[in-house]
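Residue numbers (full-length UniProt numbering): 1 to 590.
Here the structure comes first, spelled out in structure tokens, and everything after it is commentary.
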């Protein structure tokens, strides 16, 4: 990275004693490939598009090379010692890409490093040569003794799974106690490092203490911490956010105001909890499709609702258990999650299993109709995680929970069989832990699209789910419902339709996404659309004038009652001692 302001990493790759292992001596060439996606982000991203200047040497002599597919470079030589060099343009600042500018460098291995299929399981070393004046390099890989900025990985998968941060960033350190009770690592203090990139104000002591609380609480779920160390790479930006999990590290991207107030801070801690919990759920407790990885093609599974969605369930459950959420706050989170999926028409079209399978073509490529035709495996999975936890708790009188299910999967498949599990194996494990068939949960909740009987899950803990929007008073306040989302141009006060809800007044009346609304009942639109419609009643007819592709049109639209839900969890009128006890067990109230 001699010129970081140009955003180019310069990569040199050397293969030694490789001819026999790769059949290069027989075939007369090596095929080197670039991944087309990165694990944890289920979209074909075509990382090879950023590679240029590929050259190859046999020993010290240049040899012919050519590109033979979108992500494959063929090097023509039988030599046992080859070196290839290339440049990678890196200027997309996200957790799933690489980035380089004059302030720092960030490497996501899938975007940067080539591989040979026959050598993927061989050990390797990586030497980082920072830009002049950059003093720090952090990664989850092991450092090589007496070799500055040199790291080793047992195979290519670990290389890809170990992002690297380079620059002059600050770091925070703390340790996490290993809760394991059946290994020689019980009680071991596991070092954790937080890499802080970006101009941001924070209290290092408070952050370290709160990270520690989150991490140690997360570790109690499975009951064993599998890492010898862990690294958080945190990028602070003006916009954007998210995270990407790795085997013993994660990259988080958050706004610079993440620590400014309690609401922002709790939001950030849910991100920390989510990505950290992935070191168990996904990286070790995983569907069979998610490893070993095929880096050239989609890796399909029906279980992202578990891998991602149930991790979303645990992110808030961990904050509750760690004391960051009060019981009341946690109940609002659960009810809000349910409101979110029930308010989306796509929840009645696409199942959680289908959403998981189609992540490659739908979740990361939404369009104006996605809300009508899809459901997020994150959002639906978070709800399903809550319900499965409650189902196991109630079926076992509080003796078991979803924690026990994850512990079983961890011990049986990750440690004993050293593989992922199939859909059927997961269902059998869940029903084994619950001690009963979970037909409604799996057939309706996971694989179906019909309405769930939520109160069957909440009544055992003394609660009922109430739709606060379904009262005469609420209906009166809501007024008429159009079913179109719009973005107002402040210069013209005209509203461009961005989305149309399936079955709504807007759809039935003929409005389209892209229409520019210019008038209501003949009066020019001079304010925000929602403000203009405020006070209108269900059943009222409106004449909506639009500019559609340069042509003036007018449509008659009849407003309806709002179909939206506003759920709240509230106590049942009468609660037994058994329900109270199970409620306390569920919410970790002592």
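Just so you know, even glycine gets a beta-carbon here, dropped at the ideal spot from N, CA and C.
Can you tell me whether DSSP reads residue 591 as helix, strand or coil?
The first residue shown for the chain is 1 and the last is 590, placing residue 591 beyond what the model contains.
Please classify residue 166: is it buried, with 16 or more other beta-carbons within 10 angstroms of its beta-carbon, or exposed?
The residue labelled residue 166 in the question sits at position 166 within the chain shown. So residue 166 ends up on the buried side.
Which first and last residues belong to the alpha helix (DSSP H) in which residue 585 is found?
Along the chain shown, read from residue 1 onward, the residue named residue 585 stands at position 585. That run of the alpha helix (DSSP H) goes 577 to 586.
Is DSSP giving residue 50 helix, strand or coil here?
Walking along the chain shown from the start, residue 50 turns up at place 50. Looking at residue 50 - three-state DSSP - the assignment turns out to be helix.
With a cut-off of 8 Å, do at least 3 Cβ pairs link the region 417 to 426 to the region 288 to 298?
Judged by Cβ distances under 8 Å, the region 417 to 426 makes contact with the region 288 to 298, as three or more pairs qualify.
Could you tell me how far apart the beta carbons of residue 65 and residue 58 are, in whole angstroms, since I believe they sit closer than 8 Å?
As a position in the chain shown, residue 65 is number 65, starting the count at 1. As a position in the chain shown, residue 58 is number 58, starting the count at 1. That pair is no contact at about 11 Å.
DSSP state of residue 92, grouped into three classes?
The residue you call residue 92 lines up with position 92 of the chain shown. Residue 92: coil per DSSP, three-state reduction.
Look at the alpha carbon of residue 610 and the alpha carbon of residue 242, and state the distance between them as a whole number of angstroms.
Because the chain is modelled from 1 through 590, residue 610 falls outside the range shown and cannot be assessed.
Sorted by chain position, which residues of the same chain lie with C-beta nearer than 7 Å to residue 218's C-beta, five sequence neighbours on each side aside?
Here residue 218 is taken as the residue at index 218 of the chain shown, counted from 1. Contacts found: 273, 276, 277, 318.
Determine the DSSP secondary structure at residue 126, reduced to helix, strand or coil.
Your numbering for residue 126 matches position 126 in the chain shown. Strand at residue 126.
Just tell me which of 359, 386, 385 has its CA closest to the CA of residue 373.
By one-based count along the chain shown, residue 373 stands at place 373. By alpha-carbon distance to residue 373, the top candidate from 359, 386, 385 is 359.
Taking residue 260 and residue 268 to be in contact with their CB atoms under 8 Å, please state how far apart those CB atoms are, rounded to whole angstroms.
Taking the chain shown and counting its residues from 1, one reaches residue 260 at position 260. Taking the chain shown and counting its residues from 1, one reaches residue 268 at position 268. Actually they do not touch by this definition, with Cβ atoms about 10 Å apart.
Would you give the residue range spanned by the beta strand (DSSP E) that residue 31 belongs to?
Position 31 of the chain shown, counting from 1, holds the residue named residue 31. Counting along the chain, the beta strand (DSSP E) containing residue 31 begins and ends at 30 to 33.
Tell me which residues share the same chain as residue 76 and place their Cβ nearer than 7 Å to its Cβ, disregarding the 5 neighbours each side in the sequence.
Position 76 of the chain shown, counting from 1, holds the residue named residue 76. Closer than 7 Å at the Cβ level, and outside the excluded window around residue 76, lie 28, 29, 63, 64, 65.
Taking C-alpha atoms, which residue in 49, 69, 85 lies nearest to residue 60?
Mapped onto the chain shown, residue 60 falls at position 60. Among 49, 69, 85, the Cα nearest to that of residue 60 belongs to 85.
Starting from residue 14, trace the beta strand (DSSP E) in both directions and tell me its first and last residue.
For the purposes of this step, residue 14 is identified with residue 14 of the chain shown, where counting begins at 1. Looking at the DSSP string, the run of the beta strand (DSSP E) that includes residue 14 is 8 to 16.
Buried or exposed for residue 192, please, with buried defined as at least 16 other CB atoms from any protein chain shown within 10 angstroms of its CB.
As a position in the chain shown, residue 192 is number 192, starting the count at 1. Buried.
Are residue 248 and residue 229 close, meaning C-beta to C-beta below 8 Å?
Within the chain shown, the letter at position 248 stands for residue 248. Within the chain shown, the letter at position 229 stands for residue 229. The answer is yes: Cβ separation under 8 Å.
Go through the region 127 to 206 residue by residue and report every complete run of the beta strand (DSSP E) that reaches 3 residues or more, in order.
136 to 139, 150 to 153, 164 to 167, 170 to 177, 189 to 197
Apart from the five residues just before and just after residue 189, which ones in its own chain have a Cβ nearer than 7 Å to its Cβ?
Working through the chain shown from its first residue, we reach residue 189 at position 189. These residues qualify, in order along the chain: 175, 177.
Please state whether DSSP places residue 591 in a helix, a strand or coil.
Look at the range of the chain in this structure, 1 to 590, and you will see that residue 591 is not part of it.
Measure the alpha-carbon distance for residue 378 versus residue 337 and round it to whole angstroms.
Along the chain shown, read from residue 1 onward, the residue named residue 378 stands at position 378. Along the chain shown, read from residue 1 onward, the residue named residue 337 stands at position 337. One alpha carbon belongs to residue 378, the other to residue 337, and they sit about 10 Å apart.
Select from 33, 20, 54 the residue whose C-alpha is nearest the C-alpha of residue 10.
If you number the chain shown from 1, residue 10 lands on position 10. That would be 54, whose Cα lies nearest to the Cα of residue 10.
Please name the residue, chosen from 448, 393, 427, that lies closest to residue 585 on a Cα-to-Cα basis.
Indexing the chain shown from 1 puts residue 585 at position 585. Nearest of 448, 393, 427 to residue 585, Cα basis: 393.
With 16 as the cutoff for other CB atoms within 10 Å, does residue 401 come out buried or exposed?
Your numbering for residue 401 matches position 401 in the chain shown. Flag for residue 401 reads buried.
Residue range of the alpha helix (DSSP H) that residue 519 falls in?
Mapped onto the chain shown, residue 519 falls at position 519. Looking at the DSSP string, residue 519 is not in any alpha helix (DSSP H); the run it does join, the beta strand (DSSP E), is 516 to 520.
Identify which residue in 50, 41, 118 has its Cα closest to the Cα of residue 23.
In the chain shown, counting from the first residue as 1, residue 23 sits at position 23. Of the candidates 50, 41, 118, the one whose C-alpha sits nearest the C-alpha of residue 23 is 118.
Rounding to the nearest angstrom, what Cα-Cα distance links residue 31 and residue 121 in this structure?
Numbered from 1 along the chain shown, position 31 holds the residue referred to as residue 31. Numbered from 1 along the chain shown, position 121 holds the residue referred to as residue 121. Their Cα atoms are separated by approximately 16 Å.
What residue does the beta strand (DSSP E) around residue 232 start on, and which one ends it?
Within the chain shown, the letter at position 232 stands for residue 232. Run containing residue 232: 230 to 237, per the beta strand (DSSP E) assignment.
Looking only at its own chain, which residues have a Cβ that is under 7 Å from the Cβ of residue 486, when we skip the five neighbours before and after it?
For the purposes of this step, residue 486 is taken as the residue at position 486 of the chain shown. Only 495, 496, 497, 498, 517, 529 meet the Cβ criterion.
Is residue 4 buried or exposed, if buried means 16 or more other CB atoms sit within 10 Å of its CB?
As a first step, residue 4 is located in the chain shown; it is residue number 4 there, counting from the start. Result: buried.
Can you tell me the Cα-Cα spacing of residue 508 and residue 35, whole angstroms?
Working through the chain shown from its first residue, we reach residue 508 at position 508. Working through the chain shown from its first residue, we reach residue 35 at position 35. Their backbone Cα atoms lie some 45 Å apart in a straight line.
Work out the CA separation of residue 126 and residue 157 for me, nearest whole Å.
Indexing the chain shown from 1 puts residue 157 at position 157. Indexing the chain shown from 1 puts residue 126 at position 126. Taking the straight line from one Cα to the other gives about 13 Å.
Taking the alpha helix (DSSP H) that residue 399 falls in, what are its first and last residues?
Residue mapping note: residue 399 aligns to position 399 of the chain shown, counting from 1. No alpha helix (DSSP H) contains residue 399, which DSSP labels as neither H nor E.
Measuring CA to CA, which of 139, 42, 69 is closest to residue 96?
Mapped onto the chain shown, residue 96 falls at position 96. The candidate whose alpha carbon is nearest that of residue 96 is 42.
Rounded to whole angstroms, how far is the Cβ of residue 461 from the Cβ of residue 568, which I believe are closer than 8 Å?
Here the question's residue 461 lines up with position 461 in the chain shown. Here the question's residue 568 lines up with position 568 in the chain shown. Not confirmed; about 15 Å, so no contact.
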